[in-house]
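Quick note, the sequences are listed as chains A and B, same order.
For the first sequence, counting from 1, position 37 maps to 61 in the numbering used here; every step adds exactly one.
For the second sequence, counting from 1, position 99 maps to 123 in the numbering used here; every step adds exactly one.
For each residue, glycine too, the CB sits at the ideal point set by N, CA and C.
2 protein chains.
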Amino acid sequence: MSEKTLSNSQRAVHELRERIFSGDLSAGSDHLESELANLLDMSRTPVREAVLTLESQGLLELRPRKGVRILPLSPDDMADIYDVLTELESHSAERAAEARYDEQDLAFLAKAIDDMDKAIAASDLDAWAEADDRFHAELVRLGRNSRIAGIVGMMSDQVRRARMTTLFMRPLPTKSNEDHRQVYDAIRDGDGYQARETHRAHRQHAKSIIVELLQRHRLKFL
Amino acid sequence: MSEKTLSNSQRAVHELRERIFSGDLSAGSDHLESELANLLDMSRTPVREAVLTLESQGLLELRPRKGVRILPLSPDDMADIYDVLTELESHSAERAAEARYDEQDLAFLAKAIDDMDKAIAASDLDAWAEADDRFHAELVRLGRNSRIAGIVGMMSDQVRRARMTTLFMRPLPTKSNEDHRQVYDAIRDGDGYQARETHRAHRQHAKSIIVELLQRHRLKFL
DNA sequence: GCATTTATTTGCGTATGCATTAAATAATTC
DNA sequence: GAATTATTTAATGCATACGCAAATAAATGC
Numbered sequence: 025m026s027e028k029t030l031s032n033s034q035r036a037v038h039e040l041r042e043r044i045f046s047g048d049l050s051a052g053s054d055h056l057e058s059e060l061a062n063l064l065d066m067s068r069t070p071v072r073e074a075v076l077t078l079e080s081q082g083l084l085e086l087r088p089r090k091g092v093r094i095l096p097l098s099p100d101d102m103a104d105i106y107d108v109l110t111e112l113e114s115h116s117a118e119r120a121a122e123a124r125y126d127e128q129d130l131a132f133l134a135k136a137i138d139d140m141d142k143a144i145a146a147s148d149l150d151a152w153a154e155a156d157d158r159f160h161a162e163l164v165r166l167g168r169n170s171r172i173a174g175i176v177g178m179m180s181d182q183v184r185r186a187r188m189t190t191l192f193m194r195p196l197p198t199k200s201n202e203d204h205r206q207v208y209d210a211i212r213d214g215d216g217y218q219a220r221e222t223h224r225a226h227r228q229h230a231k232s233i234i235v236e237l238l239q240r241h242r243l244k245f246l
Numbered sequence: 025m026s027e028k029t030l031s032n033s034q035r036a037v038h039e040l041r042e043r044i045f046s047g048d049l050s051a052g053s054d055h056l057e058s059e060l061a062n063l064l065d066m067s068r069t070p071v072r073e074a075v076l077t078l079e080s081q082g083l084l085e086l087r088p089r090k091g092v093r094i095l096p097l098s099p100d101d102m103a104d105i106y107d108v109l110t111e112l113e114s115h116s117a118e119r120a121a122e123a124r125y126d127e128q129d130l131a132f133l134a135k136a137i138d139d140m141d142k143a144i145a146a147s148d149l150d151a152w153a154e155a156d157d158r159f160h161a162e163l164v165r166l167g168r169n170s171r172i173a174g175i176v177g178m179m180s181d182q183v184r185r186a187r188m189t190t191l192f193m194r195p196l197p198t199k200s201n202e203d204h205r206q207v208y209d210a211i212r213d214g215d216g217y218q219a220r221e222t223h224r225a226h227r228q229h230a231k232s233i234i235v236e237l238l239q240r241h242r243l244k245f246l
């Protein structure tokens with residue numbers, strides 16, 4: 025799983041992502057290739073390659089002569105992203121239900137739900153977020169469409185970026201896990217329609233919460 | 025629209041795409057970076073950058089020391105791609121309907137439908153395919169979600185690749201345009217649900233036709 | 001002959017330098 | 001003083017070179 029030798033190019037992708045998520049490289053800021061190269065202690069070549077990769081993942085934008093700009097996320101962007109997640113994840117839920125997985129196949133999903141319960145009980149928001157990510161990633165995996173998995177992964181990254189800010193601005197997501205259980209039950213029961221529609225409603229609800237939160241707090245970006 | 029000066033890197037992206045779509049670089053084939061550089065008459069640096077871009081668009085795969093592999097598309101891949109298109113396009117159709125566009129806003133869409141009619145009347149499959157592309161691209165544009173537009177664009181590229189083969193293997197898509205008109209009407213009438221479901225059915229039908237065709241002809245790739 | 005080790009080749013990852021060209025600044029004209 | 005033009009600056013795009021590791025060929029041992 026973990027490679028001993030990681031190429032500088034790959035390391036640059038990872039490190040830059042980290043720094044973007046952590047806010048070290050803040051949304052809207054511009055950075056020269058040489059500056060980033062210096063930061064990561066390597067030459068421009070691998071950072072350039074990393075930057076191209078991250079650009080096609082929608083995390084930043086290349087503006088020749090003005091540096092690479094870390095893309096800010098507006099509330100509208102967030103709404104767009106949630107719409108993509110809603111459509112593709114609920115499709116995955118439907119597919120997962122149709123696949124007639126047994127409870128063992130769904131163990132990971134169940135574990136994630138349990139972990140969310142525990143996290144909520146302990147008021148541990150970070151643990152909750154981590155388990156929530158796991159739930160959604162596993163759901164998509166069960167949907168067995170690698171392209172959907174890839175797209176959802178990218179979009180989830182963006183959401184994660186914004187969640188860092190919003191997570192502590194709202195009440196504990198206690199009700200959210202009821203939705204998750206409903207989706208789980210529908211998948212276990214092989215009810216594709218139910219799985220799909222329940223998950224859709226879940227995501228749309230999450231979307232409205234986040235977007236309203238961002239707008240209410242006048243957060244124009246990140 | 026057309027830049028006078030196109031960087032070698034951009035040119036490499038375009039030319040490689042062309043050659044992949046045209047089959048000049050055939051699915052499953054491997055090519056060394058230096059070979060491609062030679063082919064495009066430039067150094068390895070810009071082709072490497074282009075190749076990274078194309079990799080993240082899912083057209084090829086980088087396999088160190090074995091060359092870049094033009095990714096073959098199996099019938100299963102095609103099914104996955106159509107599922108993504110189905111979900112995201114029907115969402116776009118719903119959004120377009122909710123946006124209450126007037127007939128002028130929808131002129132492009134209407135034009136594409138008309139052009140498809142004409143192409144079918146003239147049995148001009150290439151013209152039909154071109155107009156069909158235009159219809160779907162415009163639909164997604166009207167949905168006003170740039171991320172969806174981007175994803176659909178990428179996936180459509182892949183479909184286009186396969187359609188080159190399948191287009192001439194099946195009867196004229198005479199009925200297809202009835203679907204398009206229904207979607208158009210629903211959007212004009214502001215009926216989001218109808219637009220969504222009609223388009224969904226349309227895409228799912230197209231998917232089953234293509235996938236069956238590929239399987240029947242034992243086409244394992246491209 | 002087969003397997004294992006050693007030698008050789010070759011493609012890739014990365015650093016580096018240079019030419020290009022866009023942006024920024026200074027200079028000149030009206 | 002404003003606006004246009006000339007000059008400077010500097011970031012990028014690209015070619016090139018080189019070392020390393022992987023793949024292949026050769027050689028040695030059994």
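Near chain A, meaning a CB-to-CB distance below 8 Å, the residues of the region 72-88 of chain B are R72, E73, L76, T77, S80, Q81 and G82. Within its own chain, the residues whose Cβ lies closer than 7 Å to the Cβ of A:M102, once the five positions on either side in sequence are excluded, are A186, I234, V235 and L238, listed in chain order.
The alpha-carbon separation between B:D54 and A:E127 amounts to approximately 42 Å.
Closest in alpha carbon position to B:R89, among B:Y217, B:E59 and B:T110, is B:E59. The way I'd put it, the region 91-107 of chain A doesn't touch the region 62-70 of chain A; fewer than three beta-carbon pairs between them come closer than 8 Å. The contact set of A:N62 on chain B, defined by CB atoms closer than 8 Å, is empty, because the minimum CB distance reaches about 21 Å. In this structure, DSSP gives A:D215 a state outside helix and strand, which the three-state scheme calls coil. Against chain A, the beta carbon of B:N201 has no neighbour under 9 Å; the closest one sits roughly 25 Å away. The shortest C-alpha to C-alpha distance from A:Y217 to any of A:G177, A:A151, A:H115 and A:L49 is the one to A:H115.
Here the alpha carbon of B:L246 sits roughly 44 Å from the alpha carbon of A:E202.
Boundaries of the beta strand (DSSP E) around A:G91: G91 to I94.
No Cβ of chain B is located within less than 9 Å of the beta carbon of A:S98.
Among the CB atoms of chain B, one or more fall inside 9 Å of the CB of A:V108. For A:L86, the enclosing beta strand (DSSP E) stretches over residues L84 to R87. Counting only runs of 4+ residues, the alpha helix (DSSP H) found wholly inside the region 33-69 of chain A occupies 57-64, in chain order.
Check the Cα spacing between A:A123 and each of A:G167, A:D156 and A:A134: the tightest is with A:G167. By a beta-carbon distance limit of 8 Å, B:E57 contacts B:V71. Their separation comes to about 6 Å. Ranked by Cα distance from B:L49, the first of B:V37, B:T69 and B:I94 is B:I94. Ranked by Cα distance from A:G91, the first of A:V75, A:L149, A:I175 and A:S80 is A:V75.
Exposure of A:T198 is indicated by the presence of fewer than 16 other C-beta atoms within 10 angstroms of its C-beta. Residue contact with chain A for B:S170: present (Cβ-Cβ distance below 9 Å to some residue of chain A).
Secondary structure of A:P99 (DSSP, three-state): helix.
The Cβ-Cβ distance between A:H223 and A:L130 does not fall below 9 Å.
If you look at A:R194, you'll find it isn't in any alpha helix (DSSP H); DSSP assigns it neither H nor E. Given a length threshold of 4 residues, each whole run of the alpha helix (DSSP H) inside the region 98-184 of chain A is given here in chain order: 99-122, 131-145 and 149-166. Contact between A:V183 and A:A117 is ruled out by a C-beta separation of about 18 Å, above the 8 Å threshold.
Judged by DSSP in its simplified three-state form, B:T29 adopts coil rather than helix or strand.
When secondary structure is reduced to three states using DSSP, A:L237 falls in the helix class.
For B:E111, the C-beta contacts it makes with chain A under 7 Å involve E111, L112 and H115, in order along the chain. Of the candidates A:A161, A:G52 and A:L78, the residue whose Cα lies closest to the Cα of A:H38 is A:L78.
One alpha carbon belongs to B:R205, the other to B:I211, and they sit about 10 Å apart.
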